[in-house]
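Down below is the structure, laid out as structure tokens.
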Amino acid sequence: MTSHDAGPDAIRAVLSGDPRDVAPHLLGAVLSHHSPEGTVAIRVTEVEAYLGPRDSAQPDPGSHTYGGRTARNAPMFGPAGHLYVYFTYGMHYCSNIVCGPDGVASGLLLRAGEVVAGYALAQSRRPASRSRTDLASGPARLASALGLTTADSGRDALAEPFRLELPSAPAAESAVANGPRVGVAGEGGSDSYPWRYWLAGDPTVSRYKAARSRAV
DNA sequence: GTCGTGATGCGCT
DNA sequence: GCGCATCACGACC
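Taking the numbering used here, the leading residue of the first sequence gets 6, the next gets one more, and so forth.
Here it is as structure tokens:
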């Protein structure tokens, strides 16, 4: 169930908080993307929080913004509710919802979700997908299913061609599990940043892989 | 089922 | 030049 009465201003106000507090509001939220090919909508089931640069009140060595503002990560410094999409490993896109007040570089990486509309289009964008549950069970899979690229980075997820509906109430604490972020090493121990949140027991959550250690 | 590894290109030091 | 907020596939249990 989603709140149809909450307008963009109300949603943006929720997203303007600390991403670790925003997470239960985004779990269960539905992000839609309209394109000439059609519409795909995804119900978010797993996110990861990333905080600000080194000189901020809440530094995060694992964040793309840790080294300061660059042309690529600029959207993270902007107002909440916008998208930050980046390209990695030479072939994959990953997407974040920017959080925090304007000027604070924090956000939530969309790690996994369930396709709830536009199933056929999502499948055509992800031919390797073998089941409904793995269509968006990973950050690059989710971005691919939605048809997101770096061209969408900086765009407002609360305005056309996007739409974001938050659940009418944040996910109950008992329904949310958390643990170390995935693929982020060199944080002085991955347990130091248990900022990955997912809906406990949801079949679309990405398979856990511990960050491989950088040294030793 | 799990594990290891190659693909592939951009952003940043 | 190096290192990735990853995925898919093949070997093996």
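Idealized CB from N, CA, C, for every residue including glycine.
Considering Cα atoms alone, identify which of the options is closest to residue i.
{"i": "S197", "options": "S134, P66 and R74", "result": "P66"}
{"i": "E178", "options": "G108, A117, L32 and V189", "result": "L32"}
{"i": "P175", "options": "A164, A110 and V49", "result": "V49"}
{"i": "G229", "options": "S21, W200, G12 and P199", "result": "Any question about residue 229 goes unanswered here, given that the chain covers just 6 to 221."}
{"i": "V35", "options": "D26, A28, A46 and E42", "result": "A46"}
{"i": "P132", "options": "R116, L115 and A150", "result": "A150"}
{"i": "R146", "options": "R59, T209 and D26", "result": "T209"}
{"i": "R160", "options": "A141, A62 and G83", "result": "G83"}
{"i": "R130", "options": "Y91, A62, T154 and T70", "result": "T154"}
{"i": "V189", "options": "N78, V27, P106 and L114", "result": "L114"}
Assign residue i to buried or exposed, taking buried as 16 or more other Cβ atoms, counted over all protein chains shown, within 10 Å of its Cβ.
{"i": "M96", "result": "exposed"}
{"i": "A76", "result": "exposed"}
{"i": "G73", "result": "exposed"}
{"i": "E165", "result": "exposed"}
{"i": "A156", "result": "exposed"}
{"i": "W200", "result": "buried"}
{"i": "S1", "result": "The question about residue 1 has no answer, for the chain in this structure spans 6 to 221."}
{"i": "T18", "result": "The displayed chain sequence assigns Ala, not Thr, to residue 18. Answer is exposed; the Cβ neighbour count stays below 16."}
{"i": "G152", "result": "buried"}
{"i": "S136", "result": "exposed"}
{"i": "A15", "result": "exposed"}
{"i": "G143", "result": "buried"}
{"i": "P58", "result": "buried"}
{"i": "G108", "result": "exposed"}
{"i": "E42", "result": "exposed"}
{"i": "A62", "result": "exposed"}
{"i": "S173", "result": "exposed"}
{"i": "S40", "result": "exposed"}
Short of 7 Å in beta carbon distance, which residues of its chain neighbour residue i, apart from the five on each side in sequence? Order them along the chain.
{"i": "T236", "result": "Past the boundaries of the shown model lies residue 236; the chain is included only from 6 to 221, so the question cannot be answered."}
{"i": "A220", "result": "Reliability of the predicted coordinates at A220 is poor, the pLDDT of 36 falling under 50, and the value obtained from them is presented with this limitation in mind. Within the same chain, A220 has no close Cβ partners at all."}
{"i": "G112", "result": "P24, Y55, M81, Y89, N101, I102, V103 and C104"}
{"i": "A11", "result": "L171"}
{"i": "A180", "result": "L204 and A205"}
{"i": "A28", "result": "V52, A54, L113 and Y202"}
CB-CB under 6 Å to residue i, same chain, minus the five flanking residues each way: which ones, in chain order?
{"i": "R182", "result": "The question names Arg, yet the displayed sequence has Ala at residue 182. Contacts found: W203 and A205."}
{"i": "P13", "result": "L163"}
{"i": "D207", "result": "T50"}
{"i": "H30", "result": "V19, L171 and P175"}
Which same chain residues end up closer than 8 Å to residue i when comparing Cβ atoms and leaving out the 5 residues on each side of it in sequence?
{"i": "T44", "result": "S37, H38, A122, G123 and L126"}
{"i": "Y213", "result": "G184 and V187"}
Minimum length 3: unbroken beta strand (DSSP E) runs contained in the segment 102-183: Runs of the beta strand (DSSP E) inside the segment 102-183: 111-122 and 167-170.
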